[in-house]
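Under the working numbering, the first residue of the sequence shown carries the number 718, and numbering increases by one thereafter. Using N, Cα and C, we set each Cβ at its ideal position, and we do this for glycine too. Below you'll find the structure, written out as structure tokens, and then a few comments.
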Amino acid sequence: MSQTGHAGGAVFDQVLDLPLHPLIVHAAVFLIPLAGLLGVLFVIPKTRAWARLPMLIVALAGAAVAHVSRESGQALLVAISATASPEEMAAAVAHEEHGDRLFYYSLAYAVVAVLAYLLSIPGRSVFRGILAIVVSVVLVAGAGALMWQTVIAGHSGAVAVWNPDGSIDYSRP
Numbered sequence: 718m719s720q721t722g723h724a725g726g727a728v729f730d731q732v733l734d735l736p737l738h739p740l741i742v743h744a745a746v747f748l749i750p751l752a753g754l755l756g757v758l759f760v761i762p763k764t765r766a767w768a769r770l771p772m773l774i775v776a777l778a779g780a781a782v783a784h785v786s787r788e789s790g791q792a793l794l795v796a797i798s799a800t801a802s803p804e805e806m807a808a809a810v811a812h813e814e815h816g817d818r819l820f821y822y823s824l825a826y827a828v829v830a831v832l833a834y835l836l837s838i839p840g841r842s843v844f845r846g847i848l849a850i851v852v853s854v855v856l857v858a859g860a861g862a863l864m865w866q867t868v869i870a871g872h873s874g875a876v877a878v879w880n881p882d883g884s885i886d887y888s889r890p
């Protein structure tokens with residue numbers, strides 16, 4: 718892996734001479750919605766004990782992968798900027814904005830997952846009453862936001878790669 722620096726610090730930008738970004742985003746597309754699903758399972762009392770630790774681990778892993786995806790995407794954007802057309806750059810920048818939002822959503826969700834985990838420690842659980850309701854609502858709403866933003870970021874990335882100027886009509890046989 719090679720390492721490059723930018724204003725945000727050093728990032729990994731390549732693996733075996735391939736850009737890291739299109740490789741790592743697949744982990745984000747899997748882990749981030751899975752974190753949301755586990756958060757919903759945590760809210761259900763019958764599955765809370767089972768989902769508690771996986772929710773925490775996957776939410777933290779999802780946020781970490783979102784960070785690597787974001788940093789590697791910024792490195793890739795810099796790499797393509799010299800040769801990309803204005804349409805390709807506009808599509809890539811739009812994708813970057815959606816990816817940034819997904820990173821912040823996943824980071825916030827990870828914080829809520831840590832809070833839910835700590836509040837529901839067996840034997841000293843304070844996860845009840847209004848606190849449980851608020852955390853549960855935030856987990857479920859956050860799960861929806863994570864899934865929606867993952868789709869939006871992924872779609873904008875696909876557009877940036879496969880149809881940046883909108884000239885291809887994929888509905889025609």
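8 Å CB neighbourhood of residue i in its chain, flanking five on each side removed
i	result
residue 852	829, 832, 833, 836, 844
residue 859	753, 756, 822, 825, 826, 829
residue 805	797, 877, 881, 882
Same chain only: Cβ atoms within 6 Å of residue i, ignoring 5 sequence neighbours per side
i	result
residue 910	Here the chain comprises residues numbered 718 to 890, so residue 910 is not present and cannot be evaluated.
residue 801	none
residue 870	815, 816, 819
residue 890	none
residue 886	none
residue 745	782, 783, 786
Reference residue i; option with closest CA among the options
i	options	result
residue 751	885, 867, 784	867
residue 709	887, 854, 885	Limits of the chain in this structure are 718 at one end and 890 at the other, which puts residue 709 out of reach.
residue 807	887, 775, 883, 889	883
residue 821	737, 782, 747	782
residue 839	766, 741, 738	766
residue 856	768, 791, 841, 785	768
residue 879	741, 809, 788	809
Chain-order list of residues whose beta-carbon lies under 7 Å from that of residue i (same chain, five-residue window excluded)
i	result
residue 864	750, 753
residue 748	775, 778, 779, 782
residue 891	Look at the range of the chain in this structure, 718 to 890, and you will see that residue 891 is not part of it.
Anticipated Cβ contact below 8 Å, residue i with residue j, distance rounded
i	j	result
residue 736	residue 793	5 Å
residue 846	residue 813	Not confirmed; about 42 Å, so no contact.
Collapsed DSSP secondary structure at residue i in the structure displayed
i	result
residue 737	coil
residue 834	helix
residue 787	helix
residue 801	coil
residue 839	coil
residue 761	coil
residue 823	helix
residue 886	coil
residue 817	helix
Endpoints, the alpha helix (DSSP H) within which residue i is located
i	result
residue 871	846 to 879
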